[in-house]
Every structure is written in C-alpha cells, then in structure tokens.
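**Student:**
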Amino acid sequence: QQQVKQSPQSLIVQKGGISIINCAYENTAFDYFPWYQQFPGKGPALLIAIRPDVSEKKEGRFTISFNKSAKQFSLHIMDSQPGDSATYFCAASRWEGKLIFGSGTRLLVRP
Amino acid sequence: DSGVTQTPKHLITATGQRVTLRCSPRSGDLSVYWYQQSLDQGLQFLIQYYNGEERAKGNILERFSAQQFPDLHSELNLSSLELGDSALYFCASSVEGAGYNEQFFGPGTRLTVL
Numbered sequence: 232q233q234q235v236k237q238s239p240q241s242l243i244v245q246k247g248g249i250s251i252i253n254c255a256y257e258n259t260a261f262d263y264f265p266w267y268q269q270f271p272g273k274g275p276a277l278l279i280a281i282r283p284d285v286s287e288k289k290e291g292r293f294t295i296s297f298n299k300s301a302k303q304f305s306l307h308i309m310d311s312q313p314g315d316s317a318t319y320f321c322a323a324s325r326w327e328g329k330l331i332f333g334s335g336t337r338l339l340v341r342p
Numbered sequence: 716d717s718g719v720t721q722t723p724k725h726l727i728t729a730t731g732q733r734v735t736l737r738c739s740p741r742s743g744d745l746s747v748y749w750y751q752q753s754l755d756q757g758l759q760f761l762i763q764y765y766n767g768e769e770r771a772k773g774n775i776l777e778r779f780s781a782q783q784f785p786d787l788h789s790e791l792n793l794s795s796l797e798l799g800d801s802a803l804y805f806c807a808s809s810v811e812g813a814g815y816n817e818q819f820f821g822p823g824t825r826l827t828v829l
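Listed in order, the protein sequences are those of chains A and B. First residue of the first sequence? That's 232 in my numbering, and the numbers climb one at a time after it. First residue of the second sequence? That's 716 in my numbering, and the numbers climb one at a time after it.
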C-alpha cells in the first residue's frame, strides 16, 4: 500500500513536443504529491507539487493533472526542451512528510 | 543550490568498515530526512529527524544509525558495510517535520564499498 508506480521508465520526445509521465498510488491516506527533477550527479529538486483538493496545477511549462478517484497523477511538460532532459520522479506522502518515490522516468528531449 | 550541504561528496571504503555521512540542513529547517538511491531500489526513505528527535523510520538496516545534533546537522552512520550498501545517500531538509513542506535535497554522498 506504500507503493507509487511510475511509467514509462524512459521517454524520448522531440524538442517542442509534450512529455507525459504517469504515476499511480494505492494508499488513499497520501495527500501530497510532488514531482522531482534530477540531473546526473545532482540531488532531486522539487519541480511542482499538488494536493488532492485540486485536479490540476500549472507552473510555467509544467502541469500536474490529478485524478483522485483513479488514484493517478501525471506530469505534463509542454514545449519540451533539450534542457529538460533529466530523470523525473513522482512521489507521495502523508502528513508525516516522508516521501515515497516512484521508480523514475528518464526523459531525453531531442533537438 | 538547495542550501543543503553534504560531506563527503565521494567515499570509497572496504567491506566491514564503518563510515559517517554528514548533512547540514538549510538555515531555519528543523527536519532532516535521509534517503538512499540505488539502481535496483530507486530512492528509498531511511529515517527522519525533527529538531533532534527521531520522527519516522523507513527501510533502514540495523547496521545503520543516525542522529541530529543540537545545531541541527545530522550524521548517518553505516557500519559493517557490505557491497550492496554502495549507493547514493541523500539528505533533505524541510522547515517543519510534518505536513506538506517542500523537501530540499543535498547533492548527495556517493558511497562505494569494495
């Protein structure tokens, strides 16, 4: 019940395209869903996060869509750029703050 | 730069040895989290401290221990090291110990056990 399942494992997108990464969770007690971006040799950095009381959150080119009934959430990267090439992790947590991470998606944006 | 510092950046040691990883949280952050990142297990939560006290425990082996000091820096001690302990170890900090506070990750310590 603590798992967060993430797909796809890897993704190749052309510059200017839309990158979509999906996550599903089981524990209905989760109430905070962040996405982290990690570049090689660096620590994960928070990209955007959502609470289950909203269905969508947008920050610049990054949008989280949240479906509470399906227990799924996704990250959309609009107008993908080569600089977006990184590994993306979804995560979920309950009130105590520890993050349960998905397995990661390696995104490559081709010029 | 997240403001979280970790030392050392790299650590190479032998099986059976003991090492200490150090983390300094962002100024003002009271909570420190430790995570392990390996190729086969992904990012796994190990342990959390809040203002010097253990707050939550995850998949942390008995050979591993941690503490948070009065100045809020934290140390993760790994003993009787095995080859499988080779991984990236990240520390993260947040303002409070619970809720929906953003966790800021440090650059990590890469541990190699030979």
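We treat Cβ as the ideally placed atom computed from N, Cα and C, and that holds for glycine.
Give me, in chain order, the residues of the same chain whose beta-carbon lies closer than 6 angstroms to that of A:LEU330; leave out the 5 immediate sequence neighbours on both sides.
**Tutor:** If we look at A:LEU330 and ignore the five residues flanking it on each side, its Cβ neighbours are ALA322 and SER324.
**Student:** For the segment 268 to 293 of chain A, which residues have a beta carbon sitting closer than 9 angstroms to at least one beta carbon of chain B?
**Tutor:** Within the segment 268 to 293 of chain A, contact with chain B at the beta-carbon level (separation under 9 angstroms) is assigned to GLN269, GLY272, LYS273, GLY274, PRO275, ALA276, LEU277, ALA280 and ARG282.
**Student:** Chain A beta carbons: is any one of them nearer than 8 angstroms to that of B:PRO822?
**Tutor:** yes
**Student:** Can you name the start and end residues of the beta strand (DSSP E) that A:HIS307 belongs to?
**Tutor:** 303 to 308
**Student:** Label A:TRP326 either buried or exposed according to how many other C-beta atoms from any shown protein chain fall within 10 Å of its C-beta, with 16 as the threshold for buried.
**Tutor:** exposed
**Student:** For the candidate residues A:LYS302, A:LYS288, A:PRO265 and A:ASP310, whose alpha-carbon lies nearest to that of A:ASN258?
**Tutor:** A:LYS302
**Student:** Can you confirm whether B:TYR804, when its beta carbon is compared against all beta carbons of chain A, has any partner nearer than 8 angstroms?
**Tutor:** With 8 angstroms as the cut-off, B:TYR804 does not count as an interface residue toward chain A.
**Student:** Once you ignore the five residues that flank A:ARG339 on each side, which residues in its own chain have a CB closer than 6 angstroms to its CB?
**Tutor:** Here the sequence assigns Leu to residue 339 of chain A, which means Arg is not the residue at that position. For A:LEU339, where only same-chain residues beyond five positions count, the Cβ hits under 6 angstroms are ILE243 and SER316.
**Student:** Can you name the residues of chain B whose CB is closer than 8 angstroms to the CB of A:ILE331?
**Tutor:** PHE760
**Student:** Residues in the segment 762 to 775 of chain B with C-beta within 8 angstroms of chain A's C-beta atoms, listed in sequence order?
**Tutor:** GLN763, ARG770, ALA771 and GLY773
**Student:** Keeping to the same chain, check which residues put their C-beta closer than 6 angstroms to that of A:PHE264; ignore five residues upstream and five downstream.
**Tutor:** ILE281, PHE304 and ALA323
**Student:** Rounding to the nearest angstrom, what Cα-Cα distance links A:LEU306 and B:LEU829 in this structure?
**Tutor:** In a straight line, the C-alpha of A:LEU306 is about 38 angstroms away from that of B:LEU829.
**Student:** Check the C-beta distance from B:GLN838 over to B:TYR804 and give it rounded, since I have them as a contact under 8 angstroms.
**Tutor:** For chain B, the structure presents residues 716 to 829; residue 838 of chain B sits outside this window and is missing.
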